[in-house]
Amino acid sequence: MGKAPRKSNETLVVMKLRGQKELHRWQMALLGVNGKECLLSVSSPVDTAVGKYFLSVKSGADPVHTPENNTIYFIFNPWCEGDTVFMAGDKERSEYVLNDTGYIYVGSKDKIHARPWNYGQFEEDILDACMFLLDKSNLKPRDRKNPVIVSRAMSALVNANDDCGVLLANWSGMYKGGTSPLAWTGSTPILQQYFRTQKTVLYGQCWVFAGVLTTVMRSLGVPSRTVTNFASAHDTEQNLRVDVYLNEKGQKIEDLTTDSIWNFHVWTDVWMTRPDLPQGYEGWQAVDATPQEISQGVFQCGPAPLKAIRQGDVYLTYDTKFIFAEVNADKVFWLVKEVNGVSEMTKLREETLVIGRSISTKAVGSNTREDITAQYKFTEGSPEERKAMEKACSYLSCEDGPEAAPTEEANIELKIQAGEAVWLGDPIRMSVIINNSSARSWTIKLGATCELQLYTGKVVAVLGSVSETVATAGKPVIEVPVHLEASSYVGSLASVDDEVIVQGHVIAAIEETEEKFSEEVTLTFQYPPLRVEVPETVKIGQNFTCAFIFKNTLSIPLENCKLHVEGLGIFMLETFDQGDVLPGGIFKCRIICTPKKAGKKTIIAKLNSIQGSGGEGRKFNLANRSAKELKCCQLLMRKKKGHCSVTINLRNISVIIALREGSFLQWNTWVCSQYIKRGQRAWVCVGVNAYKYHVYHLHFHLSCNKSIDLRGADIRPR
Numbered sequence: 001m002g003k004a005p006r007k008s009n010e011t012l013v014v015m016k017l018r019g020q021k022e023l024h025r026w027q028m029a030l031l032g033v034n035g036k037e038c039l040l041s042v043s044s045p046v047d048t049a050v051g052k053y054f055l056s057v058k059s060g061a062d063p064v065h066t067p068e069n070n071t072i073y074f075i076f077n078p079w080c081e082g083d084t085v086f087m088a089g090d091k092e093r094s095e096y097v098l099n100d101t102g103y104i105y106v107g108s109k110d111k112i113h114a115r116p117w118n119y120g121q122f123e124e125d126i127l128d129a130c131m132f133l134l135d136k137s138n139l140k141p142r143d144r145k146n147p148v149i150v151s152r153a154m155s156a157l158v159n160a161n162d163d164c165g166v167l168l169a170n171w172s173g174m175y176k177g178g179t180s181p182l183a184w185t186g187s188t189p190i191l192q193q194y195f196r197t198q199k200t201v202l203y204g205q206c207w208v209f210a211g212v213l214t215t216v217m218r219s220l221g222v223p224s225r226t227v228t229n230f231a232s233a234h235d236t237e238q239n240l241r242v243d244v245y246l247n248e249k250g251q252k253i254e255d256l257t258t259d260s261i262w263n264f265h266v267w268t269d270v271w272m273t274r275p276d277l278p279q280g281y282e283g284w285q286a287v288d289a290t291p292q293e294i295s296q297g298v299f300q301c302g303p304a305p306l307k308a309i310r311q312g313d314v315y316l317t318y319d320t321k322f323i324f325a326e327v328n329a330d331k332v333f334w335l336v337k338e339v340n341g342v343s344e345m346t347k348l349r350e351e352t353l354v355i356g357r358s359i360s361t362k363a364v365g366s367n368t369r370e371d372i373t374a375q376y377k378f379t380e381g382s383p384e385e386r387k388a389m390e391k392a393c394s395y396l397s398c399e400d401g402p403e404a405a406p407t408e409e410a411n412i413e414l415k416i417q418a419g420e421a422v423w424l425g426d427p428i429r430m431s432v433i434i435n436n437s438s439a440r441s442w443t444i445k446l447g448a449t450c451e452l453q454l455y456t457g458k459v460v461a462v463l464g465s466v467s468e469t470v471a472t473a474g475k476p477v478i479e480v481p482v483h484l485e486a487s488s489y490v491g492s493l494a495s496v497d498d499e500v501i502v503q504g505h506v507i508a509a510i511e512e513t514e515e516k517f518s519e520e521v522t523l524t525f526q527y528p529p530l531r532v533e534v535p536e537t538v539k540i541g542q543n544f545t546c547a548f549i550f551k552n553t554l555s556i557p558l559e560n561c562k563l564h565v566e567g568l569g570i571f572m573l574e575t576f577d578q579g580d581v582l583p584g585g586i587f588k589c590r591i592i593c594t595p596k597k598a599g600k601k602t603i604i605a606k607l608n609s610i611q612g613s614g615g616e617g618r619k620f621n622l623a624n625r626s627a628k629e630l631k632c633c634q635l636l637m638r639k640k641k642g643h644c645s646v647t648i649n650l651r652n653i654s655v656i657i658a659l660r661e662g663s664f665l666q667w668n669t670w671v672c673s674q675y676i677k678r679g680q681r682a683w684v685c686v687g688v689n690a691y692k693y694h695v696y697h698l699h700f701h702l703s704c705n706k707s708i709d710l711r712g713a714d715i716r717p718r
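Each residue of the sequence shown is one higher than the last, beginning at 1 in UniProt numbering.
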């Protein structure tokens, strides 16, 4: 393995025929001889360094022979109990290692949207791209045995901030010269482009980084899942607090706000043991390829054990304190007033339950969302949660800021009433509700602002603001409407090609008591659906038509529409430029496909325009021989003369080498220890787990403990 292989670091392995198999040593055994041909079995140690190896053979005094196809890929093996990434459940392995499509969850905690994503770990050049990244990491051979070190290195290399890695991050909303993060439908074209050009791909945001990292880790044999944390904190000061500064109008003061709360943030969980930590921290580990903060001089993050995050053990490696804050930080609102030229800050309120909501991943074996919040944190307000926070704070800078001076309570409650989503082109309507349970009369000064923000919390534009003074005399409920026409935000949408939300802030100050309140609401935009039409079942080698249909049901035109479509194993990523689509306008696109492999396939379609985006994923079946039919194959063995003990060797589908068609191959042996007399039949039942719909060719070889020519033996499947 590598350019200068050496025995001393196990990049050069020389094997001779040995007797008994050992788990932690390279082994070679003779399985059979046929004239000048020998069948040899090679077994690798359970902790073999992951990488790309090259095979050569030497026999006696003959020169070294290098076969034409001599490349062997070694990856981690979650099917092997001795491997540090071993995962026990078949369903879990099928989901977290073998599934090449899935969903990434975006939106907001109140309106979660499943975005289809093609991982494509079995597609052409993907495994080679991952091996290229391993070589680029310059990890020592002994470190390539360790999934902890490998996953940390991959989290650094998937972003391009330090090392000319795979993807360049961009949250500017301007993507000239590259691809908008919203346009990507999967990891395959990104990794293929990077491997073939060996240049950084433009551009990515958090869900793209996470999707690519999940592909890389699955390709390397590490069980992985893509995870979304809604209302995710970015705590730059490591004090478990996100400070939000507002002026008297309710507008966010960007110059003072260094922390942020992302509407959602996406990273990757990987499954492994942690022999570098005390016992009890095995299982899921969080790794993040999005370049947010520098760790050990590099933009990398994790792996951090979920058990450590949950228990507040933030001192454990790697970057556990940062991820703990992402799911546990408190949100503190401050009012900033100018008094005699000096800024004075007053603490408005502290929210302890809003960060780290609805932590989501795709469920095992289904297309539904699984809420895994309980794997990251205890129930909010529980004794266990308070204990975890106290433990974490003992290792961090968690000093409280200045408290507001005590005031007389006015028994006033402030709320914002609004829907969850706004149809693009419709007005934004919300109401500020003041509930007055006091017998006294109060004068309340209100300031309300609506802002267009990126999903990262950055303000794109102030859409409008309202200032009003109301008196509560004789009014138990006061409603102040806030109404913004579509023209207030449509122009701003055209200036940014990104995930955006509408954030409403309200500040209320009671003049008589100086008591202050604040409240906020988040609205997302809703877009017309994109329809994908395919037959329910199609056949291998037969053409079929895939149709994409979109109708603009909005009241505004959608400008510069581009349709991006991809179907793993069916067709590569294609883009259709549709121009402007007027209100009521319809467009249709068609692709004629000729499938080559059977199984369940997913076609992903995504429509981008200047005003926004929408997408659709559609699954269907490609019919061929079912994998279940390959589950058990019975073999008939008939020996024509003499007595022998029979051994059958066949290629059992397992997890060693990924071929282009996505199958896994490994030699295995079944032994029939009985004597077979002349004309006698013997049966051996062989279990074959087929993880891909594919026509598999099983190869068999006979050997026995007698020097008998077995080439005349009759071997056939029943």
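All C-beta atoms, glycine included, are put in the ideal place defined by N, C-alpha and C.
Query: I need the boundaries of the alpha helix (DSSP H) containing residue 463, first residue and last residue.; Result: Counting along the chain, residue 463 falls outside any alpha helix (DSSP H), though it belongs to the beta strand (DSSP E) covering 459-471.
Query: Hey, quick one: how far does the alpha helix (DSSP H) through residue 311 stretch, first residue to last?; Result: 306-311
Query: So, at 6 Å on beta carbons, what are the nonlocal neighbours of residue 161 in its own chain, with the 5 sequence-adjacent residues on each side left out?; Result: 291, 299
Query: For the beta strand (DSSP E) containing residue 577, list its first residue and its last residue.; Result: 571-581
Query: Drop a sphere of 10 angstroms on the beta-carbon of residue 592, count the other beta-carbons inside from all chains shown, and report buried for 16 or more, exposed for fewer.; Result: exposed
Query: Are the stretch 411-428 and the stretch 347-354 in contact at 8 Å, needing three or more beta carbon pairs?; Result: no
Query: Which value, in whole angstroms, describes the spacing of the CA atoms of residue 289 and residue 147?; Result: 16 Å
Query: State the Cα-Cα distance for the pair residue 105 and residue 452, rounded to the nearest angstrom.; Result: 21 Å
Query: Closest to residue 540 by CA distance: which of 597, 559, 565 is it?; Result: 597
Query: With C-beta atoms as the reference, is residue 229 less than 7 Å away from residue 327?; Result: yes
Query: What did DSSP end up calling residue 373 once you bin it into helix, strand or coil?; Result: helix
Query: Within this structure, are the beta carbons of residue 251 and residue 449 separated by less than 7 Å?; Result: yes
Query: Cα separation between residue 582 and residue 218?; Result: 43 Å
Query: Extract the residue ranges of the alpha helix (DSSP H) inside the stretch 306-351, only unbroken runs of 4 or more that lie entirely within it.; Result: 306-311, 320-328
Query: Apart from the five residues just before and just after residue 354, which ones in its own chain have a Cβ nearer than 6 Å to its Cβ?; Result: 231, 331
Query: From which residue to which residue does the beta strand (DSSP E) around residue 430 run?; Result: 428-436
Query: Ignoring anything shorter than 4 residues or poking outside the stretch 90-172, list the alpha helix (DSSP H) runs there in chain order.; Result: 90-93, 126-137, 147-157
Query: Along the chain, where does the alpha helix (DSSP H) containing residue 190 start, and where does it finish?; Result: 188-197
Query: Should residue 483 go down as buried or exposed, given a rule of 16 or more other Cβ atoms within 10 Å for buried?; Result: exposed
Query: If you compare alpha carbons, which of 141, 245, 412 is closest to residue 52?; Result: 141
Query: Starting from residue 176, trace the beta strand (DSSP E) in both directions and tell me its first and last residue.; Result: From DSSP, residue 176 is part of no beta strand (DSSP E); its letter is neither H nor E.
Query: Check this for me: beta carbons of residue 268 and residue 306, under 7 Å apart or not?; Result: no
Query: Grab me the residues of residue 364's own chain with a C-beta within less than 7 Å of its C-beta, minus the 5 sequence neighbours each way, in chain order.; Result: 91, 92, 95
Query: Please say whether residue 73 and residue 362 have beta carbons closer to each other than 7 Å?; Result: no
Query: Who are residue 41's beta bridge partners in DSSP?; Result: 29
Query: Let me check understanding here. Comparing Cα to Cα, which of 246, 182, 556 lies closest to residue 425?; Result: 556
Query: Do residue 507 and residue 447 come within 7 Å of each other at the CB atom, strictly closer than that value?; Result: yes
Query: Taking the CB atoms as reference points, tell me whether residue 523 and residue 460 lie closer together than 7 Å.; Result: no
Query: Please classify residue 550 as buried or exposed, where buried requires at least 16 other C-beta atoms within 10 Å of its C-beta.; Result: buried
Query: Quick check: the Cα distance between residue 474 and residue 516, rounded to an integer number of angstroms?; Result: 21 Å
Query: Taking just the CA atoms, how far does residue 116 sit from residue 97?; Result: 17 Å
Query: Would you kindly work out how many angstroms separate the C-alpha atoms of residue 221 and residue 497, rounded to a whole number?; Result: 35 Å
Query: With three or more C-beta pairs closer than 8 Å as the rule, is the stretch 184-191 touching the stretch 566-576?; Result: yes
Query: Taking DSSP as the reference, what is the three-state secondary structure of residue 209?; Result: helix
Query: Would you kindly check if the distance between the Cβ of residue 374 and the Cβ of residue 312 is under 7 Å?; Result: no
Query: Which value, in whole angstroms, describes the spacing of the CA atoms of residue 376 and residue 359?; Result: 8 Å
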